[in-house]
Amino acid sequence: MKINERRTLKRSETQMVPQPIKGETGLVQVDTTWGKIQPMKVADGVRTVDEIELNDWLEAGKQIIDGRTPDFYKTSTISGAKNIPYNEITERMGELDSNQPSIFFCNGPQCPQSPTAIHNLLEAGYPPDKILYYRGGMHDWVTLGLPIENKKQ
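Numbering-wise (this note's numbering), the sequence shown opens with residue 6 and increments by one.
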C-alpha cells in the first residue's frame, strides 16, 4: 500500500473535522480515509510542534493561524486561532507577528492546507524560523478532547 497517495472515501460526503455524535455526550466521529498523509517535517527550518506546545502557545496568547478555508473555520477552530486561509497567506503576510513565530494548522495529518500556506510563505521570503507547524490539526485536537470554539452557534 502506498500511504503517500491520495485516499478517498467510499461515500459522497467527506467529514474531515470531528463532529459530535447525537445522543453520545463527549463522543465524536470523523472520516480517517481522506486526503494525502502530510510529512512530519513540512519544510527545512520549520519545526513541527505537538499539542502540549500548542496549548502552551495558546495560554501565552501567542499567534495561532488556522490556514483552512473560511467554510471550515466557520464551523469550529482551535480556541484563539486567527483565520488566514492558505490561499490568501502571501497577500496577508502583514497580519503575521514578525516578532515571534506563528503556529499554523489545518484539518489534520491528511490535509494539505497549512503545508501549502507554509510553502507559499517560504517562497515569498518569509523566514522559516518564524513558522511552526501543528500537523495534527483539528482532527487530532478534537479527538484528544482539547478546547475549540464552536462557530456554528
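We treat Cβ as the ideally placed atom computed from N, Cα and C, and that holds for glycine. Quantities reported herein were computed from a predicted structural model and do not represent experimental measurements.
Contact under 8 Å by Cβ, residue i with residue j
{"i": "GLN140", "j": "PRO106", "result": "What sits at residue 140 in the sequence shown is Arg, not Gln. Against a cut-off of 8 Å, the Cβ pair of PRO106 and ARG140 comes out as no contact."}
{"i": "LEU63", "j": "GLY85", "result": "yes"}
{"i": "LYS126", "j": "ILE89", "result": "Here residue 126 is Leu; the residue named in the question, Lys, does not match the sequence. Not in contact: LEU126 and ILE89 (Cβ atoms no closer than 8 Å)."}
{"i": "SER81", "j": "ILE136", "result": "no"}
{"i": "THR53", "j": "TYR138", "result": "yes"}
Residues that residue i bridges to, as DSSP identifies them
{"i": "SER81", "result": "ASN155"}
{"i": "GLY72", "result": "GLY72 pairs with nothing; no bridge assigned."}
{"i": "ILE136", "result": "SER107"}
{"i": "THR148", "result": "Partner(s): none; THR148 has no beta bridge."}
{"i": "ASN88", "result": "ASP71"}
{"i": "THR53", "result": "TYR138"}
Buried versus exposed, by CB contacts within 10 Å (16 or more), residue i
{"i": "ASN92", "result": "exposed"}
{"i": "ARG16", "result": "Because ARG16 sits at a pLDDT of 46, beneath the cut-off of 50, its placement in the model cannot be relied upon, and the following sentence gives the value as read from the coordinates. ARG16 comes out exposed."}
{"i": "ASP71", "result": "buried"}
{"i": "GLY40", "result": "buried"}
{"i": "SER103", "result": "exposed"}
{"i": "LEU149", "result": "exposed"}
{"i": "GLY142", "result": "buried"}
{"i": "PRO120", "result": "buried"}
{"i": "ALA65", "result": "exposed"}
{"i": "ALA129", "result": "exposed"}
Sequence-distant residues of the same chain with beta carbon closer than 7 Å to residue i, five excluded per side
{"i": "MET6", "result": "Low confidence applies here, because MET6 scores a pLDDT of 49, under 50, leaving its location unreliable and the question unanswered by this model."}
{"i": "ALA3", "result": "Residue numbering for the chain in the displayed model covers 6 to 158; residue 3 lies beyond these limits and cannot be assessed."}
{"i": "GLU100", "result": "ILE89"}
{"i": "ALA45", "result": "The identity of residue 45 in the sequence shown is Met, whereas the question assumes Ala. Result list for MET45: THR53 and ARG140, in chain order."}
Proximal residues to residue i (C-beta, below 8 Å), its chain only, five neighbours per side dropped
{"i": "ARG97", "result": "ILE89"}
{"i": "ASP145", "result": "GLU56, GLY113 and PRO114"}
{"i": "THR74", "result": "PRO90, TYR91, ASN92 and GLN118"}
{"i": "VAL51", "result": "ILE123, LEU127, PRO133, ILE136, LEU137 and TYR138"}
{"i": "GLN43", "result": "PRO114, GLN115, CYS116, PRO117, PRO120 and ARG140"}
{"i": "ILE83", "result": "LEU59, LEU63, ILE69, ASP71, PHE110, MET143, TRP146, LEU151, PRO152, ILE153 and GLU154"}
Close-in-space but distant-in-sequence residues of the same chain around residue i (CB under 6 Å, 5 per side omitted)
{"i": "TYR78", "result": "ASP71 and ASN88"}
{"i": "PHE110", "result": "SER119, TYR139 and GLY142"}
{"i": "GLN68", "result": "ASP102 and SER107"}
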